[in-house]
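Note that numbering that gives the first Met the number 0 numbers the sequence shown so that position 33 is 32, with each residue one more than the last. Each residue gets a CB set at the ideal place from its N, CA and C atoms; glycine is no exception. What you are looking at is a predicted structure, and each value in this text was computed from that prediction instead of being measured. Have a look at the structure below, then the notes.
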Amino acid sequence: MIALVALLLLFGVVLGAVAHFPVSVSLVAALVIGGWLVVFAVRERLSSK
0 MIALVALLLL FGVVLGAVAH FPVSVSLVAA LVIGGWLVVF AVRERLSSK
(Lines of atoms letter the chains of each structure in order from A and count residues from 1; the text may use other names and numbers.)
(Lines give C-alpha, C1' and ligand atoms only; values in the text may rest on other atoms or scores of the structure.)
Protein backbone atom coordinates (compact mmCIF):
# COMPACT_ATOMS: atom_id res chain seq x y z
CA MET A 1 0.00 0.00 0.00
CA ILE A 2 2.78 2.42 0.92
CA ALA A 3 4.65 1.37 -2.21
CA LEU A 4 1.60 2.25 -4.27
CA VAL A 5 1.45 5.72 -2.74
CA ALA A 6 5.18 6.21 -3.32
CA LEU A 7 4.83 5.11 -6.94
CA LEU A 8 1.89 7.46 -7.51
CA LEU A 9 3.84 10.35 -6.00
CA LEU A 10 6.86 9.53 -8.17
CA PHE A 11 4.61 9.22 -11.22
CA GLY A 12 3.13 12.64 -10.48
CA VAL A 13 6.57 14.21 -10.14
CA VAL A 14 7.72 12.65 -13.40
CA LEU A 15 4.65 13.93 -15.23
CA GLY A 16 4.99 17.36 -13.65
CA ALA A 17 1.62 17.44 -11.91
CA VAL A 18 3.15 17.51 -8.44
CA ALA A 19 6.25 19.43 -9.46
CA HIS A 20 4.46 22.77 -9.10
CA PHE A 21 3.69 22.19 -5.42
CA PRO A 22 6.18 22.21 -2.53
CA VAL A 23 7.46 18.81 -1.44
CA SER A 24 5.68 19.14 1.91
CA VAL A 25 2.30 19.56 0.18
CA SER A 26 3.02 16.53 -2.00
CA LEU A 27 3.97 14.43 1.01
CA VAL A 28 0.86 15.47 2.93
CA ALA A 29 -1.29 14.57 -0.07
CA ALA A 30 0.46 11.20 -0.34
CA LEU A 31 -0.14 10.54 3.36
CA VAL A 32 -3.82 11.44 3.05
CA ILE A 33 -4.25 9.16 0.04
CA GLY A 34 -2.31 6.38 1.77
CA GLY A 35 -4.40 6.71 4.91
CA TRP A 36 -7.59 6.58 2.88
CA LEU A 37 -6.38 3.43 1.10
CA VAL A 38 -5.47 1.77 4.42
CA VAL A 39 -8.88 2.58 5.91
CA PHE A 40 -10.58 1.27 2.78
CA ALA A 41 -8.53 -1.96 2.84
CA VAL A 42 -9.26 -2.57 6.53
CA ARG A 43 -12.98 -1.95 6.06
CA GLU A 44 -13.09 -4.30 3.08
CA ARG A 45 -11.21 -7.02 4.94
CA LEU A 46 -13.46 -6.75 7.99
CA SER A 47 -16.64 -6.74 5.93
CA SER A 48 -15.65 -9.90 4.04
CA LYS A 49 -15.26 -11.97 7.22
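Asked: Collapsed DSSP secondary structure at ALA28 in the structure displayed; Found: helix
Asked: Local Cβ density within 10 Å of LEU8, reported as buried at 16 or more and exposed below that; Found: buried
Asked: Short Cβ contact (8 Å threshold) for ALA18 with VAL27; Found: no
Asked: Proximity to ALA5 [Cα-Cα], best of ALA29, ARG42 and PRO21; Found: ALA29
Asked: Neighbourhood of ILE32 by C-beta, 8 Å cutoff - its chain only, sequence neighbours within 5 removed; Found: VAL4 and LEU7
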